[in-house]
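For the sequence shown, this note's numbering assigns the number 681 to the initial residue and increments by one for each residue that follows. Built from N, CA and C at the ideal position, the CB exists for glycine as well. Please read all numbers here as calculations on a predicted model, not as lab measurements. Here the structure is laid out as structure tokens; the discussion comes afterwards.
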Amino acid sequence: MVTKSGTMICVNGPTGTNGVAGHFGRELRRTRMARGWSIAEVARRTGLNPAHLSRIELGRRPPTEKIAGALDKVFPEKQSWFSSWHSESQSWPEIPATFKSWPDYEDRSTTLRAWTPGIVDGLMQTERYAGALITTAGADRDTAAARLRARMERQQRFWERRPPARAVFIVDEVALYRFVGSAEVMAKQCRHLTEIAELPNVVLQVMPVVAHAVNNSGIMLADTAAWVEHAAAGYVFTDDQTVSSLALRLDTLRAEARTASGSLVLLDRMAETWDRLGESQRTQTQPAEAASK
Numbered sequence: 681m682v683t684k685s686g687t688m689i690c691v692n693g694p695t696g697t698n699g700v701a702g703h704f705g706r707e708l709r710r711t712r713m714a715r716g717w718s719i720a721e722v723a724r725r726t727g728l729n730p731a732h733l734s735r736i737e738l739g740r741r742p743p744t745e746k747i748a749g750a751l752d753k754v755f756p757e758k759q760s761w762f763s764s765w766h767s768e769s770q771s772w773p774e775i776p777a778t779f780k781s782w783p784d785y786e787d788r789s790t791t792l793r794a795w796t797p798g799i800v801d802g803l804m805q806t807e808r809y810a811g812a813l814i815t816t817a818g819a820d821r822d823t824a825a826a827r828l829r830a831r832m833e834r835q836q837r838f839w840e841r842r843p844p845a846r847a848v849f850i851v852d853e854v855a856l857y858r859f860v861g862s863a864e865v866m867a868k869q870c871r872h873l874t875e876i877a878e879l880p881n882v883v884l885q886v887m888p889v890v891a892h893a894v895n896n897s898g899i900m901l902a903d904t905a906a907w908v909e910h911a912a913a914g915y916v917f918t919d920d921q922t923v924s925s926l927a928l929r930l931d932t933l934r935a936e937a938r939t940a941s942g943s944l945v946l947l948d949r950m951a952e953t954w955d956r957l958g959e960s961q962r963t964q965t966q967p968a969e970a971a972s973k
């Protein structure tokens, strides 16, 4: 494929050094090597995460508009190549939907609506809850640590935005019962959800354990785009018909959810339940520990 700027792109798949993200990554590598800079030096100058930059350079993650802009600032000799590439890439029909990078839409959106079946959504996870979930994927220690940092950085961008974005979260009640990490982790996660629910720009409702058409996939809606995720992959949709259809599905899901006040009552009760379970576990282990000494 040839872009508007005349650049030849080999479109072989969503990831890897031969795909479209691989071209961006190779150009980043050539440019920084010409300067004699390491990834750490580029990260320092741009204020970006070095691990994430490394994944972009290897073609394992697509770049975002923010990252492209930061690279243009530290490499002015490229004459805004990185931003131009990113801008053009959004309209390439050959690129899979996964490359229409969700963080760009999320970062610009004034309103965000989210539903995640089975677990607490990533924007609301405590660090210990997120860490415990990530370890279940079987990644090595460095990869797991990088994923955790990226998740916490995404939260920071969202919750510290000024002015704050409006958010509507639908929490799966199953997630409040699912054991992640420890009873202490679960108690703190439930209380964290309560704190989020009390923010003036947030509506949080718990979805009871009932059948619904979106029980099998997560959905996030920004102002003009939707992210849909299942076990194998995630996709960004920007056409009006699909976004409107998904918005309607979320509306019907909210219609089945508990009220905001009823959801707060349930979160408080679940935090206390996990506290009692944790205390019971500690009491049971104390005699065994004493007997072993």
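Item: Can the beta-carbon of residue 744 be found closer than 8 Å to that of residue 784?; Value: yes
Item: Out of 753, 856, 902, which has the shortest C-alpha to C-alpha gap to residue 943?; Value: 856
Item: Which residue comes first and which comes last in the beta strand (DSSP E) that contains residue 747?; Value: Element bounds for residue 747: not the beta strand (DSSP E) but the alpha helix (DSSP H), 745-754.
Item: Is residue 955 helix, strand or coil when you go by DSSP?; Value: helix
Item: Mind checking whether residue 888 and residue 952 have CB atoms under 8 Å apart?; Value: no
Item: By the three-class DSSP mapping on this structure, what secondary structure does residue 859 have?; Value: coil
Item: With a threshold of 6 Å on Cβ separation, who are the neighbours of residue 736 within its own chain once the five nearest residues in sequence on each side are excluded?; Value: 705, 743
Item: Residue ranges of each beta strand (DSSP E) run of no fewer than 3 residues wholly in the stretch 900-939, ordered along the chain?; Value: 906-909, 914-917
Item: Among the residues of its own chain, which have a CB less than 6 Å from the CB of residue 872, if the five just before and after it don't count?; Value: 806
Item: By how many angstroms is the C-alpha of residue 916 removed from the C-alpha of residue 777?; Value: Only weak support exists for where residue 777 lies, its pLDDT of 48 falling under 50; the coordinates are left without a value.
Item: Quick one: what's got a C-beta closer than 8 Å to residue 810's C-beta in the same chain, skipping five residues either side?; Value: 802, 828, 831, 832
Item: Using only the alpha-carbon positions, how far apart do residue 938 and residue 897 sit?; Value: 20 Å
Item: Leaving aside the five residues before and after residue 854 along the sequence, list all residues of the same chain whose C-beta is less than 8 Å from its C-beta, in chain order.; Value: 797, 798, 889
Item: When the Cα of residue 766 is compared with those of 749, 758, 755, which residue comes out closest?; Value: 749
Item: What is the rounded straight-line gap between the Cα of residue 813 and the Cα of residue 714?; Value: 40 Å
Item: If you compare alpha carbons, which of 816, 929, 864, 947 is closest to residue 958?; Value: 864
Item: To the nearest angstrom, how far is the alpha carbon of residue 903 from that of residue 838?; Value: 15 Å
Item: With 16 as the cutoff for other CB atoms within 10 Å, does residue 893 come out buried or exposed?; Value: exposed
Item: Let me know the secondary structure DSSP gives residue 717 once reduced to three states.; Value: coil
Item: Does the distance from the CB of residue 725 to the CB of residue 754 come in under 8 Å?; Value: yes
Item: Cα separation between residue 950 and residue 880?; Value: 23 Å
Item: Buried or exposed: where does residue 875 fall if 16 or more other Cβ atoms within 10 Å of its Cβ makes it buried?; Value: exposed
Item: Out of 787, 948, 760, 707, state which residue places its alpha-carbon closest to the alpha-carbon of residue 847.; Value: 787
Item: For the alpha helix (DSSP H) that residue 794 lies in, which residues bound it at each end?; Value: Run containing residue 794: none in the alpha helix (DSSP H); it sits in the beta strand (DSSP E), 791-796.
Item: Tell me the DSSP secondary structure of residue 836 in three-state form.; Value: helix
Item: Can you name the residues that DSSP bridges to residue 847?; Value: 792, 882
Item: Would you mind reading off the limits of the alpha helix (DSSP H) that contains residue 817?; Value: Per DSSP, residue 817 belongs to no alpha helix (DSSP H) and is neither H nor E.
Item: What residue range does the alpha helix (DSSP H) around residue 897 cover?; Value: Unbroken run through residue 897: none, as it is neither H nor E.
Item: If we ignore side chains and look at the alpha-carbon of each, how far apart do residue 836 and residue 792 end up?; Value: 15 Å
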